[in-house]
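Taking it in order: structure first as C-alpha cells, then the write-up.
Number of protein chains: 2
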Amino acid sequence: MATTKKTQQAVTRNKDRSKQKLLKAVGKIIKTGGFSTLGVNRVAAVAGMDKKMIYNYFGSLNGLLDEYISSLDFWSNVKGDKLPTEFPNGGHDFVKQMVLAQFDYVHQNPEFQKILLWRLSEERDALKTLTARQEANGEVLLQGITDPHFADNAEAYRAIMAVIIAGTYYLNLFAELNGSTFCGIDLATTGGRKKIEEALAFLIDKTYEGL
Amino acid sequence: MATTKKTQQAVTRNKDRSKQKLLKAVGKIIKTGGFSTLGVNRVAAVAGMDKKMIYNYFGSLNGLLDEYISSLDFWSNVKGDKLPTEFPNGGHDFVKQMVLAQFDYVHQNPEFQKILLWRLSEERDALKTLTARQEANGEVLLQGITDPHFADNAEAYRAIMAVIIAGTYYLNLFAELNGSTFCGIDLATTGGRKKIEEALAFLIDKTYEGL
DNA sequence: AAAATAAGTCACCAAATAGTGACTTATTTA
DNA sequence: TAAATAAGTCACTATTTGGTGACTTATTTT
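Protein chains in written order, with numbering that gives the first Met the number 0: chain C, 0 to 210; chain A, 0 to 210.
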C-alpha cells in the first residue's frame with residue numbers, strides 16, 4: 000500500500016502575508032518570552048504556519064531573525080524632519096525632555112527592552128547594524144547642536160550623556176525582572192521612577208551648568 | 000545473551016570534589032559562552048563527569064545553578080571590616096573612587112558581567128537573593144554615611160547613584176559585544192573608557208557640590 | 001575481613017530539536 | 001482553458017535534549 004495523504008483544506012495563498020505572519024510571530028515571542036524559546040518550531044507554531052515556510056522564505060531561522068531586526072524602527076519619532084529647528088542653550092531643555100521621554104519609552108516598550116537585552120547577549124550583524132542606525136540618529140543632534148555648544152568639552156559631554164542614557168537603559172531592564180530595589184530606589188513604583196527622573200534632570204542640568 | 004557491561008577503570012571517588020567540579024563547570028560555561036548552552040549535557044561534559052551526578056548531588060540542573068549562584072561573592076573586597084572608618088565630606092572621595100573601581104572591576108570580570116546579564120534575562124530566586132545581598136551591602140554605606148550627609152536629599156542622592164552605577168553596568172555590558180561606539184564614545188579603547196571615567200567623576204563631583 | 005553504603009558508569013528512554021523530500025493544489029502565466 | 005509555477009502540507013529523518021534504572025565497584029562501617 001502506498002503512503003496515505005490527507006486531502007488539504009482550501010487556503011488562500013499569499014507569500015507576503017505569510018512572511019509578515021512569521022515576522023510578527025518573532026516579535027510576539029520576543030516581546031513576551033525571550034530568545035531562549037525562539038526556535039523554528041516555536042515561531043512556526045505561533046505564526047500558525049509550517050516551519051518549512053521559514054526555510055522557503057528566509058533560508059533559515061537566522062535569515063528570518065535578521066529580517067525581523069532590520070524591520071525594526073524605534074526612532075521614527077525623532078527622525079530628522081520631526082526635530083525642532085531651534086535649540087536654545089545648546090539643546091539643554093530639548094535633551095532633558097528627550098532623555099526623560101526615553102526613560103519612559105523604554106519602560107512602556109517591551110519589544111525595545113528585549114532588543115536592548117539581545118544586543119547585550121548575542122553578537123549578531125543585524126543587531127550591530129541596528130545599533131549603527133541608532134548611533135547615526137544620535138549623531139545628528141550631537142554634531143549639529145551639542146558639539147558646537149560645548150566646543151572643547153564636546154567629548155566630555157558625549158561621555159556624560161553615554162553614562163546617563165546607559166543608566167536609563169539598565170534601570171529599566173533591571174526593574175523589569177528584579178522588581179525590587181536598586182540603590183534603595185524601588186523602580187517598580189511610580190514614586191521610585193519619579194526619583195530617577197528627578198535624578199536624570201539634575202544630572203543634565205548640572206552638566207549644562209558646570210561643564 | 001545478557002546485556003554486556005564493560006569493566007570500569009579504577010577511579011578515586013570523592014563527593015565534594017565532584018560537586019566542586021560541576022560547580023566550576025557552570026562557572027566556566029557562563030564565563031565563556033552564555034546561558035543558552037547551559038544544559039545538563041554540556042555541564043557534565045565540561046566537568047568531565049556523568050550528568051547523573053548532577054541529579055544525584057543537586058537534584059536538578061536548577062539546583063546546581065542555584066547553588067552556583069549562592070556560592071558567588073563579588074563584594075568580599077568591600078565588606079564591612081574592609082571599609083575605612085572615616086568618610087570625610089559624606090564619603091565624596093570614597094564613593095568616587097569606589098564607582099571608578101567598580102567600572103574597572105566589571106570590565107575585568109566576565110563572570111560578573113554574565114551574572115549582571117543573567118539578572119536582566121531571567122527571573123530566578125537565587126539571583127534575587129544575590130541581588131538582595133548586593134543591596135544589603137550597599138545599604139551599609141548609604142545608611143551610615145550618605146543618608147545622614149544629604150539629609151533631606153538622601154533619596155535624591157540614592158537615585159543619582161542608581162543612574163550612575165546602572166550606567167557603568169550597561170556601558171560595560173554594551174562594550175563587551177558591540178565593540179563599537181555609544182554616543183560616539185568608543186568603549187573598546189582605553190581612551191574612550193578614560194572619557195567615561197572622567198564623566199563619572201564629574202557627575203559625582205557635581206552631585207556632592209550641588210545637591 | 002565481611003557487610004553496607006554510596007560514588008560513579010552506562011545503556012536506554014521519551015520528547016523536542018532542526019531540517020528536508022515528496023506531495024497537493026491555489027494561483028498565475030501562456 | 002491548459003500548462004507552469006510556486007504556496008502550503010505533511011510525513012519523515014537525524015540529532016540533541018532532559019532524565020532514569022540497573023549496574024559495577026571504591027570506600028566506609030561494622
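Glycine included, C-beta positions come from ideal geometry on N, C-alpha and C.
Please read these numbers as outputs of a predicted model, since none were measured by experiment.
- Item | Inter-stretch contact (C-beta, 8 Å, three-pair minimum) for the stretch 182-193 of chain A and the stretch 150-161 of chain A | In short, these stretches do not touch, since the Cβ pair count stays below three.
- What does Gln-119(C) reach in chain A if we use C-beta pairs closer than 7 Å? Looking at the sequence shown, residue 119(C) is not Gln but Leu. Neighbours of Leu-119(C) on chain A, chain order: Leu-116, Leu-172, Phe-173 and Leu-176.
- Quick one: Cα of Lys-205(A) to Cα of His-106(A), how far? 25 Å
- Can you have a look at Ser-120(C) and say buried or exposed, based on whether 16 or more other CB atoms are within 10 angstroms of its CB? buried
- Message: Against chain C, which members of the stretch 23-43 of chain A pass a CB distance test of less than 8 Å?
- Response: Gly-33, Phe-34 and Ser-35
- Lys-194(A): buried (16+ other C-beta within 10 angstroms of its C-beta) or exposed? buried
- Quick one: measure Cβ to Cβ for Ala-198(C) and Ile-159(A), integer angstroms, because I've assumed they're closer than 8 Å. 4 Å
- Any idea if Gly-47(C) is buried or exposed, counting beta-carbon neighbours within 10 angstroms, 16 or more meaning buried? exposed
- Message: Three or more C-beta pairs under 8 Å: does that hold for the stretch 162-175 of chain C against the stretch 10-17 of chain A?
- Response: no
- From the DSSP output, which residues share a beta bridge with Ile-184(C)? Phe-181(C)
- Item | Of the residues Leu-176(C), Asn-40(C) and Ser-17(C), the one placed nearest Lys-127(A), counting alpha carbons only | Leu-176(C)
- Message: Taking 9 Å as the threshold (C-beta atoms), are Phe-102(A) and Leu-210(C) in contact?
- Response: no
- Query: When burial is assigned at 16 or more other CB atoms within 10 Å of the CB, is Gly-190(C) buried or exposed?
  - Reply: exposed
- In its own chain, which residues sit with a C-beta less than 8 Å from the C-beta of Val-77(C), not counting the 5 before and 5 after it? Met-97 and Asn-136
- Pairwise C-alpha distance: Gly-33(C) and Pro-109(C): 11 Å
- Query: Using the C-alpha atoms, what's the distance from Leu-99(C) back to Phe-93(C)?
  - Reply: 10 Å
- Item | Interface partners of Leu-202(A) on chain C, CB under 9 Å | Ile-159, Val-162, Ile-163, Leu-202, Lys-205 and Thr-206
- Task: Taking only the alpha-carbon atoms, compute the straight-line gap between Leu-140(A) and Gly-58(A) and give it to the nearest angstrom.
- Result: 38 Å
- Task: Work out the CA separation of Phe-181(C) and Arg-192(C) for me, nearest whole Å.
- Result: 11 Å
- Inspect the beta-carbon positions of Arg-41(C) and Ile-28(C) and report whether they are closer than 9 Å. In this structure, Ile-28(C) lies closer than 9 Å to Arg-41(C) by Cβ.
- Query: My guess is that Ser-35(A) and Ser-35(C) are in contact by the Cβ rule of under 8 Å, so how many angstroms apart are they, rounded?
  - Reply: Confirmed, about 7 Å.
- Message: Is there a Cβ of chain A sitting closer than 9 Å to that of Tyr-54(C), yes or no?
- Response: Judged by the 9 Å Cβ criterion, Tyr-54(C) is not in contact with chain A.
- Find the residues of chain A that neighbour Leu-63(C), judging by a C-beta separation of less than 7 Å, and give them in chain order. Residues of chain A passing the Cβ test: none, with the nearest at roughly 18 Å.
- Item | DSSP-derived helix/strand/coil call for Phe-34(A) | Three-state result, Phe-34(A): coil.
- Message: When you compare the CB of Glu-154(A) with every CB in chain C, is at least one pair closer than 9 Å?
- Response: yes
- Task: Measure the alpha-carbon distance for Ile-163(A) versus Asp-49(A) and round it to whole angstroms.
- Result: Distance between the alpha carbons of Ile-163(A) and Asp-49(A) is about 45 Å.
- Item | Interface partners of Glu-197(A) on chain C, CB under 8 Å | Ala-155 and Ala-158
- Query: Do Ala-161(A) and Gly-166(C) have their C-beta atoms within less than 9 Å of each other?
  - Reply: yes
- Any beta-carbon of chain C closer than 9 Å to the one on Ile-144(A)? When Cβ-Cβ separations below 9 Å define contact, Ile-144(A) makes no contact with chain C.
- What's the call for Gln-112(A), buried or exposed, on a 16-neighbour Cβ count within 10 Å? Taking a 10 Å sphere around the C-beta of Gln-112(A), we find 16 or more other C-beta atoms and assign the residue as buried.
- Message: Given a cut-off of 9 Å on the beta-carbon distance, is the pair Asn-88(A) and His-148(A) in contact?
- Response: yes
- Taking only beta carbons into account, state which residues of the stretch 130-144 of chain A come closer than 9 Å to chain C, listed in chain order. Answer set for the stretch 130-144 of chain A: Thr-130, Ala-131, Glu-134, Gly-137, Glu-138, Leu-141 and Gln-142.
- Jot down the residue ranges of each uninterrupted alpha helix (DSSP H) in the stretch 50-134 of chain C, minimum 4 residues, whole runs only, in chain order. 51-57, 60-70, 91-107 and 109-120
- Cβ distance (whole Å) where Trp-74(C) is taken to contact Gln-133(C) below 8 Å: 6 Å
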